[in-house]
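A short write-up of the structure that comes next.
There are 2 protein chains.
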Amino acid sequence: MSTKKNEKKQTINSDYIAPRKVTIKHIAKLAGVSFSTVAKALRNDPVVNVKTREKIHKIASEVNYYPNLLAKGLKNKKTKTIGIILNDLKNPFYSEIYKVIGDILNEKDYTMLLCDSNYDQKLERKNIITMLSNGVEGLIISPINESSDNIKFIIESGLKAVFIDSLPEFHNINYVYVNHERAAFLAVEHLILNGHKHILLLNGPEELSSSQHFLRGYLQALSKYKIKQEENLITFNDISIESGAEALKEIFGNKGIREVDFTAIVSLSDLLAIGVYEAAKEMHFKIPDNISVIGYDNIFATNYMHPPLTTVHQPKNRTGLYSINILLDQINSDSQECKKMIIDPILIERESVRRMN
Amino acid sequence: MSTKKNEKKQTINSDYIAPRKVTIKHIAKLAGVSFSTVAKALRNDPVVNVKTREKIHKIASEVNYYPNLLAKGLKNKKTKTIGIILNDLKNPFYSEIYKVIGDILNEKDYTMLLCDSNYDQKLERKNIITMLSNGVEGLIISPINESSDNIKFIIESGLKAVFIDSLPEFHNINYVYVNHERAAFLAVEHLILNGHKHILLLNGPEELSSSQHFLRGYLQALSKYKIKQEENLITFNDISIESGAEALKEIFGNKGIREVDFTAIVSLSDLLAIGVYEAAKEMHFKIPDNISVIGYDNIFATNYMHPPLTTVHQPKNRTGLYSINILLDQINSDSQECKKMIIDPILIERESVRRMN
DNA sequence: TTGTAAGCGTTATCAA
DNA sequence: TTGATAACGCTTACAA
Numbered sequence: 063m064s065t066k067k068n069e070k071k072q073t074i075n076s077d078y079i080a081p082r083k084v085t086i087k088h089i090a091k092l093a094g095v096s097f098s099t100v101a102k103a104l105r106n107d108p109v110v111n112v113k114t115r116e117k118i119h120k121i122a123s124e125v126n127y128y129p130n131l132l133a134k135g136l137k138n139k140k141t142k143t144i145g146i147i148l149n150d151l152k153n154p155f156y157s158e159i160y161k162v163i164g165d166i167l168n169e170k171d172y173t174m175l176l177c178d179s180n181y182d183q184k185l186e187r188k189n190i191i192t193m194l195s196n197g198v199e200g201l202i203i204s205p206i207n208e209s210s211d212n213i214k215f216i217i218e219s220g221l222k223a224v225f226i227d228s229l230p231e232f233h234n235i236n237y238v239y240v241n242h243e244r245a246a247f248l249a250v251e252h253l254i255l256n257g258h259k260h261i262l263l264l265n266g267p268e269e270l271s272s273s274q275h276f277l278r279g280y281l282q283a284l285s286k287y288k289i290k291q292e293e294n295l296i297t298f299n300d301i302s303i304e305s306g307a308e309a310l311k312e313i314f315g316n317k318g319i320r321e322v323d324f325t326a327i328v329s330l331s332d333l334l335a336i337g338v339y340e341a342a343k344e345m346h347f348k349i350p351d352n353i354s355v356i357g358y359d360n361i362f363a364t365n366y367m368h369p370p371l372t373t374v375h376q377p378k379n380r381t382g383l384y385s386i387n388i389l390l391d392q393i394n395s396d397s398q399e400c401k402k403m404i405i406d407p408i409l410i411e412r413e414s415v416r417r418m419n
Numbered sequence: 063m064s065t066k067k068n069e070k071k072q073t074i075n076s077d078y079i080a081p082r083k084v085t086i087k088h089i090a091k092l093a094g095v096s097f098s099t100v101a102k103a104l105r106n107d108p109v110v111n112v113k114t115r116e117k118i119h120k121i122a123s124e125v126n127y128y129p130n131l132l133a134k135g136l137k138n139k140k141t142k143t144i145g146i147i148l149n150d151l152k153n154p155f156y157s158e159i160y161k162v163i164g165d166i167l168n169e170k171d172y173t174m175l176l177c178d179s180n181y182d183q184k185l186e187r188k189n190i191i192t193m194l195s196n197g198v199e200g201l202i203i204s205p206i207n208e209s210s211d212n213i214k215f216i217i218e219s220g221l222k223a224v225f226i227d228s229l230p231e232f233h234n235i236n237y238v239y240v241n242h243e244r245a246a247f248l249a250v251e252h253l254i255l256n257g258h259k260h261i262l263l264l265n266g267p268e269e270l271s272s273s274q275h276f277l278r279g280y281l282q283a284l285s286k287y288k289i290k291q292e293e294n295l296i297t298f299n300d301i302s303i304e305s306g307a308e309a310l311k312e313i314f315g316n317k318g319i320r321e322v323d324f325t326a327i328v329s330l331s332d333l334l335a336i337g338v339y340e341a342a343k344e345m346h347f348k349i350p351d352n353i354s355v356i357g358y359d360n361i362f363a364t365n366y367m368h369p370p371l372t373t374v375h376q377p378k379n380r381t382g383l384y385s386i387n388i389l390l391d392q393i394n395s396d397s398q399e400c401k402k403m404i405i406d407p408i409l410i411e412r413e414s415v416r417r418m419n
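Sequences listed follow chains A and B, in order. Per the working numbering, residue 63 is the first one in the first sequence, and the count goes up by one each step. Per the working numbering, residue 63 is the first one in the second sequence, and the count goes up by one each step.
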């Protein structure tokens, strides 16, 4: 028995050449105690002698010991890790959200596993599995579609999750949702009150839940003000500056400004709205003189554009803050009660909408 | 012996109530084989019978099996995870970088552990340890200071790393560096050639290596054109819109535009430059009529500002692309040769600089 | 106060 | 072709 133990230690010793990561066993050897004593000492368990504890801590810091979180996680199912799945890391809208999440995580000594699903449901599924496989303690996700199998999969997995930017129809879930329907309504109403009757909708991808909510709000506003809905004024697009510009250029085609059949544009995302500005440069039309534009999100850049973009503000800080707090609460308190928050967006009037009446 | 084994299985069975994560042991039981056979089958080891393999795969997908990456990582020191440590997740400059990193990682089935150090060296150290503890296979870091202990710590840890946005003086390291010195030189030279002689430097934090390089470039340009350096025109600031605006407001104080002793501003970051725009709004001066501004980074927003910001472009895509490729190469090929890349920035002339001559 | 041993979910080696 | 077993680094009863 003791021979065997010695053999084992020999093996470790003979590895000296390659600088191995130091473990509690190495420390134990240096301190001349058993490795379980080291484990206890490192966690400052009062059961171990103060002298021993100090000695062990001293050694640990001398050899730059840091624990292996994989081993720890494997043992206690606590990885101190939370997962974030978003659709476009580059969109400043999301950046603001995970910035505040990151700050809180820093404070609470959690780590963030971040994935970008690129608005692709297959990738989204893969990312969810990655999170599960990595044993994250919780998940914050902005799902592509709120009634997709991916959501069911998350729920059934038992992983604690907070959905953001969406409104999945399950009762045993948490979400923090900024009311997109209301946002669209606010935007379109603002346009209508300024005398616009033909309003182009630059929506996101059709399968995106956000797009669906936004469309609903758009339609609601039209209907409230008895404005006829025009099929050709509803467009679905990828969410990026480029595709916003692309969409406009396509619509214009050979037409001149005067021949185009709308006077204003609402868009699901400020990025798309910036695309309109880009198109304006290239196609030589003026905002808001020829075409009015209103965005959504209120990303920082919109305030400095020319003209400053009228947009609907999404409280991104609060979204991040609430979602991470709800998640951490649930992780650390076993309280199974679900939190559902709906935040109201706010119209920010700037100078990209022209008064027609 | 066999009794004991049965007892163990009983224990697992009696856990039925709480829906446990399924492991290869559960599958083994369902399939009526040993768990080591399952392990082999799942990795499609041809040593196991085709029938058995198929059966096991079928069961695995029925019960939604996914492997425990913690266990896997513990066993083979391969976590399929890479760490990214940056200083401000909200800065679009960084977003663009980790967007492309994320895309590549998606492709190669790696996961990204992302930390924000907030320009704080203590936090940076903590984040490095977190990465080590989590067993990342590689690290991409934009360090705060390139000669800090944190860098040495990384090198000594043996973790494969690529440094970005900095130029640490060690030979056995990789870096992808955009030449900040050159960037500052380009910017200041542009200002000088347009007739500016009193140029305010809105630099980043003093301990930031980037700030130091940038300052060097600023000084170089002044000296090349025989312009006297003025101490009070060199300022260090946090990198954000707010602190850019703050700095300007403080400088102005009670002075009017005419009394201020510079005609142009160079800044280490577009964010700071946007702060100048913000100040311009509040203090009622005009860019470039009263004050010229030139930024650095060329974040997407600068092109749409009023006036469009003249800035120096940093190839962010290439930074991301090169760094992740170098890292992945090194991880998967044991080639220990170090890669050092220096990328040249490019002046982008827009409309925020006034011609004085 | 300290040490022993089992176990977390895998992989890999060896035996059957 | 399949199964038993040890090991990865840690935690945690339990024994000494």
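Glycine included, each C-beta is placed from N, C-alpha and C at the ideal position. Computed from a predicted model, the values in this text were never measured in an experiment.
Inter-residue spacing [alpha-carbon to alpha-carbon] between residue i and residue j
i: residue 94 of chain B; j: residue 200 of chain B; result: 40 Å
i: residue 153 of chain A; j: residue 140 of chain B; result: 31 Å
i: residue 67 of chain A; j: residue 216 of chain B; result: Residue placement at residue 67 of chain A cannot be trusted, given a pLDDT of 32 that sits under 50; what the coordinates show is reported in the next sentence. Roughly 33 Å separates the two Cα atoms.
i: residue 240 of chain A; j: residue 142 of chain B; result: 35 Å
i: residue 266 of chain A; j: residue 146 of chain A; result: 21 Å
i: residue 274 of chain A; j: residue 268 of chain A; result: 7 Å
i: residue 83 of chain A; j: residue 171 of chain B; result: 25 Å
i: residue 156 of chain A; j: residue 174 of chain A; result: 15 Å
i: residue 311 of chain B; j: residue 347 of chain B; result: 11 Å
i: residue 253 of chain A; j: residue 416 of chain A; result: 9 Å
i: residue 297 of chain B; j: residue 325 of chain A; result: 47 Å
i: residue 313 of chain B; j: residue 408 of chain B; result: 29 Å
i: residue 51 of chain B; j: residue 248 of chain A; result: Outside the displayed range of chain B (63 to 419) lies residue 51 of chain B, so it cannot be described from this structure.
i: residue 97 of chain A; j: residue 129 of chain A; result: 13 Å
i: residue 108 of chain A; j: residue 89 of chain B; result: 42 Å
i: residue 211 of chain A; j: residue 232 of chain A; result: 12 Å
Proximity test, Cβ basis, 8 Å: residue i and chain B
i: residue 161 of chain A; result: yes
i: residue 231 of chain A; result: no
i: residue 117 of chain A; result: no
i: residue 395 of chain A; result: no
i: residue 158 of chain A; result: yes
i: residue 363 of chain A; result: yes
i: residue 121 of chain A; result: no
i: residue 135 of chain A; result: yes
i: residue 197 of chain A; result: yes
i: residue 247 of chain A; result: no
i: residue 104 of chain A; result: no
i: residue 181 of chain A; result: no
Within chain B, partners of residue i - CB distance below 8 Å
i: residue 302 of chain A; result: Result: empty, since nearest Cβ-Cβ is about 10 Å, beyond 8 Å.
Beta-carbon gap between residue i and residue j smaller than 8 Å
i: residue 323 of chain A; j: residue 260 of chain A; result: yes
i: residue 114 of chain A; j: residue 103 of chain A; result: yes
i: residue 202 of chain A; j: residue 385 of chain A; result: yes
i: residue 367 of chain B; j: residue 368 of chain A; result: yes
i: residue 271 of chain B; j: residue 306 of chain B; result: no
i: residue 280 of chain A; j: residue 246 of chain A; result: yes
i: residue 213 of chain A; j: residue 181 of chain A; result: no
Residue i: contacting residues in chain A (beta-carbon distance under 7 Å)
i: residue 192 of chain B; result: 173
Cβ of residue i within 8 Å of any chain A Cβ
i: residue 217 of chain B; result: no
i: residue 202 of chain B; result: no
i: residue 405 of chain B; result: no
i: residue 389 of chain B; result: no
i: residue 368 of chain B; result: yes
i: residue 305 of chain B; result: no
i: residue 266 of chain B; result: no
i: residue 154 of chain B; result: yes
Check: residue i C-beta below 7 Å from any heavy atom of the ligand COA
i: residue 320 of chain A; result: As for the ligand COA, it is missing from this structure, which has no ligand bound.
Whole-Å CB distance - residue i paired with residue j, under 8 Å assumed
i: residue 372 of chain A; j: residue 340 of chain A; result: Contact doesn't hold; Cβ gap of about 17 Å is too wide.
i: residue 365 of chain B; j: residue 319 of chain B; result: Actually they do not touch by this definition, with Cβ atoms about 27 Å apart.
i: residue 118 of chain B; j: residue 389 of chain B; result: Actually they do not touch by this definition, with Cβ atoms about 35 Å apart.
Residue i: contacting residues in chain A (beta-carbon distance under 8 Å)
i: residue 130 of chain B; result: 136, 195, 197
i: residue 178 of chain B; result: 161, 164, 165, 168
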